[in-house]
Amino acid sequence: MSDKVLVIVESPAKAKTIGKFLGRRYQVKASMGHVRDLPKSQFGVDVESDFSPKYITIRGKGDLLKELRSAAKKSTKILLGPDPDREGEAIAWHLAHILGVEEEALCRIEFNEITKKAIQNAVKKPRQIDVDRVEAQQARRILDRLVGYNLSPLLWRKIRKGLSAGRVQSVAVRLISDREEEIQDFKPEEYWSLTAQLEAEQGSLTAKLQKMGEQKIEVKNKEQMDQILQEIEQKPFQVTEVKKKEKKRNPAPPFTTSSLQQEAYRKLGFTARRTMMVAQQLYEGIDLGKEGTVGLITYIRTDSVRVSEDAMEELRTYIDSRFGKDYLPNSARQYETKGKAQNAHEAIRPTSIQYEPETIKSAVTTDQYKLYKLIFERYTASQMSSAIMDTTTIDITVANYIFRASGSTMKFAGFMKVYIEGKDDEAKEESGLLPEVEVNSTLSLKDLEPKQHFTQPPPRYTEATLVKALEEQGIGRPSTYAPIIETVVARGYVVREEKQFFPTELGEVVVELLKEHFPEILDVEFTATMESKLDQVEEGAAEWREVLRNFYEPFKERLEEAEEKIGSIELTVEVSDQVCENCGAQMIVKQGRFGKFLACPRFPECRYTKPLLEEIGVPCPKCDGAIVLRRTKKGRKFFGCANYPDCDYVSWERPTDIPCPQCQKPLVQKESKKLGTRRVCLTEGCGFEEKVNLENIDEMEQKQVTR
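Going by UniProt numbering, 68 is the number at position 68 of the sequence shown; the sequence numbering is gapless.
Take a look at the structure:
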């Protein structure tokens, strides 16, 4: 036996990076994730024996385990270094069992970042495997198996084969389905706003009607608005109050898993899955050339906002030298971690502030650079001085009504010099310098603009707002948000359209069935409570088998009742006017992860499918065909002619049949979060562009614009 130490981590990339830090005495190998699990082809849990799990070697891992056993026999010591969370602890426990490591052995190493210092410190401080943490993971795994392997067959028998139900995923579908129901049931209410364009001696300003006397005013209809206009007609607009104050704005804390997923969606357009994939690459290590492979960010599955003292000191020194003392608070900012987050973890941050985004740009991919820059800037800004705004509010009285003008200007940028947190809503802040006015002075009225509005329904969930809702309501854990979203889309329970989630008919049917017969499974509060109980198991405050017993006994009774009460449920089948080219059957419309398509109803005997061409009501500018909505293999939308391949017209932007007022060529419609909806002429040398105001177009055209 040699004197080598065997270190086992999860991925080859991580093993390669760590191997360079530890030297020749250490042999670093990868387990490629889990090595044992519950069997896929059978239940794998002996309920009668107090929920004893039946673990088997994962298919395809035999040769790998043989290699690990061989390496273990030749080593004097085994160190297990999977990720520092429940899942990682369970992997370490399974590896210890397979390799014959004693239960009391100090074999578990943990590190929050893959840097030379962190790894060398970790191997000096091995500990025992945390059995409480392992049992919490095991309880979650068995709990999900109890739900999935009992509910899914019920759905097969009652609705159709191939369906599945998950404990947490079903609640996510419910959130999306309930929001859609809110939107469909929403009844718009009319309201009016009144804006005054006013002129002072030193400039103009815009003020909005706010109050009648001391009461906030709500104008419900045109009659009320006409009454107000009549009352203020020919009356003077007099300044009654001017308020000036400094307003401080503090930075956001460094990223957690959830906030990173939300912000990467808002600012970069990344899905949760894409964010986690790129973040994993940055965590495991990037080859920086002469410096070798370096993990650029800390561990990416965390709900803590804590930063280590060493990292904090390094960051404060960087801010002082890079931006100056004015941008550095007198003491380090302390952020409070929500709920029961593990403060042993840190926030997601750069492993060293010396790796500025521009210095590593040539060594990383475009996605890696964008995400790293986002993490770096958020982390840097989190310890910078507050921004200071000079705000001015002017109240102007006419008759018994008060109009208000607000404005703000930047006095000191502070952290905003580096980073400003994104927002899910697009509420605009009043900005700009207002002219100096004196109290009791009279302003000249240039224009009054009454405007009709209608209240809007709550918005559909996007990736960012769904992740936020899951986190706020305690559903799942940060590491599960991306797989939850991908699973419900892949199963056809929800679809993404224009970056929003819509429930499919299938999703709504499954949700209604589970609501009626398994209310606790679909209950948000119950799911959050179950997460709390799993946390208690990890803390050693609850016994995992007891948690499962308390869940399973009433669940089993509901299963038996549902089997008797639920009849066969028929999903609506939409029959198309097209026939199958293989067998001549009338094709039906089906829903896939990238939208609707045509399929043969004789599946699986006949597997013929074809795209469903959705006409957008616009003629092709090249021929007499119709423009249809199409999708790339990756699901991205584009527009093309229905006569393809005879006509090759394609456009990423939605074509319209509205002629350009300058060159008469058809305009296309562009969508932008910053610029809104615009109609643009793409003809070379023209450049015409106009903004589309959705409130000022008729209902039919608005449906066409927003579809």
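We put the CB at the ideal spot given by N, CA and C, even for glycine.
Euclidean distance between Cα positions of residue i and residue j
| i | j | result |
| --- | --- | --- |
| Ile475 | Thr504 | 22 Å |
| Phe497 | Lys117 | Looking at the sequence shown, residue 497 is not Phe but Glu. If I take the Cα positions, the gap works out to 46 Å. |
| Ser385 | Glu356 | 20 Å |
| Glu180 | Ala399 | 44 Å |
| Leu95 | Val35 | 7 Å |
| Glu421 | Leu371 | 14 Å |
| Arg545 | Arg160 | 33 Å |
| Phe501 | Arg491 | 14 Å |
| Ala71 | Leu260 | 38 Å |
| Lys244 | Met389 | 10 Å |
| Ile228 | Glu241 | 22 Å |
| Met700 | Asp657 | Since pLDDT at Met700 reaches only 35, below the 50 mark, its modelled position is unreliable, and no value is offered. |
| Tyr327 | Lys411 | 13 Å |
| Asp320 | Asp424 | 32 Å |
| Ile232 | Tyr419 | 44 Å |
| Lys373 | Ile402 | 46 Å |
Nearest to residue i (by Cα), restricted to the options the options
| i | options | result |
| --- | --- | --- |
| Ile8 | Glu218, Leu68, Arg25 | Leu68 |
| Arg86 | Val618, Arg301, Lys468, Gly640 | Arg301 |
| Leu559 | Leu513, Val437, Val579 | Leu513 |
| Leu99 | Glu110, Leu79, Glu89 | Leu79 |
| Val47 | Phe638, Gln224, Leu548, Ile319 | Leu548 |
| Val509 | Ser568, Arg273, Pro126 | Ser568 |
| Ile183 | Gly414, Ile18, Gln456, Val437 | Gln456 |
| Lys392 | Ser408, Tyr299, Phe403 | Looking at the sequence itself, residue 392 is Thr, so the reference to Lys does not match. Cα-wise, what sits closest to Thr392 is Ser408. |
| Met32 | Ser11, Arg24, Phe43 | Ser11 |
| Glu113 | Thr683, Glu214, Asp83 | Asp83 |
| Lys211 | Val437, Pro153, Ala405 | Ala405 |
| Thr529 | His453, Gln473, Glu563, Glu553 | Gln473 |
| Asp3 | Arg25, Pro601, Arg654 | Arg25 |
| Ile119 | Gln662, Gly324, Glu284, Lys187 | Glu284 |
| Thr271 | Arg333, Asp367, Leu522 | Asp367 |
| Lys66 | Ala30, Leu598, Ala332, Val589 | Ala30 |
DSSP-derived helix/strand/coil call for residue i
| i | result |
| --- | --- |
| Gly617 | strand |
| Lys245 | strand |
| Ile119 | helix |
| Gly19 | helix |
| Val573 | coil |
| Pro611 | strand |
| Ala626 | strand |
| Lys265 | Strictly speaking, residue 265 in this sequence is Tyr, with Lys absent from that position. Residue state, collapsed to three classes: helix. |
| Phe51 | coil |
| Arg172 | One detail in the question is off: residue 172 reads as Ala in this sequence, not Arg. Helix at Ala172. |
| His94 | helix |
| residue 726 | Limits of the chain in this structure are 1 at one end and 707 at the other, which puts residue 726 out of reach. |
| Thr409 | strand |
| Lys4 | coil |
| Gly166 | coil |
| Ser11 | coil |
| Tyr401 | strand |
| Ile232 | helix |
| Ser304 | coil |
| Val650 | strand |
| Gly62 | helix |
| Ser672 | strand |
Anticipated Cβ contact below 8 Å, residue i with residue j, distance rounded
| i | j | result |
| --- | --- | --- |
| Ile396 | Ala207 | 5 Å |
| Val45 | Pro53 | 6 Å |
| Asp287 | Ala363 | 6 Å |
| Glu538 | Arg127 | Wrong, their Cβ atoms sit about 15 Å apart, outside the cutoff. |
| Leu470 | Ala139 | So it is not a contact: roughly 20 Å between Cβ atoms. |
| Gly88 | Ala122 | Wrong, their Cβ atoms sit about 13 Å apart, outside the cutoff. |
| Val489 | Gly507 | With 8 Å as the limit, Val489 and Gly507 do not qualify as a contact, their Cβ atoms being about 10 Å apart. |
| Cys641 | Lys622 | 7 Å |
| Ser479 | Thr256 | Actually they do not touch by this definition, with Cβ atoms about 11 Å apart. |
| Phe454 | Glu189 | 7 Å |
| Lys499 | Thr462 | 5 Å |
| Leu296 | Thr351 | 6 Å |
| Arg174 | Leu522 | 5 Å |
Cβ-heavy atom distance, residue i to the ligand GTP, below 7 Å
| i | result |
| --- | --- |
| Leu612 | The ligand content of the structure shown is nil, which means the ligand GTP is not present either. |
query = Any chance the segment 249-269 sits against the segment 70-88, with 3 or more Cβ pairs inside 8 Å?
reply = no
ask   = Three or more beta-carbon pairs under 8 Å between the segment 304-321 and the segment 511-528, yes or no?
value = no
message = Taking contact to mean 3 or more Cβ pairs, one atom from each stretch, closer than 8 Å, check whether the segment 139-153 and the segment 161-170 are in contact.
response = yes
ask   = Are the segment 245-263 and the segment 367-378 in contact at 8 Å, needing three or more beta carbon pairs?
value = yes
query = Are the segment 187-198 and the segment 433-453 in contact at 8 Å, needing three or more beta carbon pairs?
reply = yes
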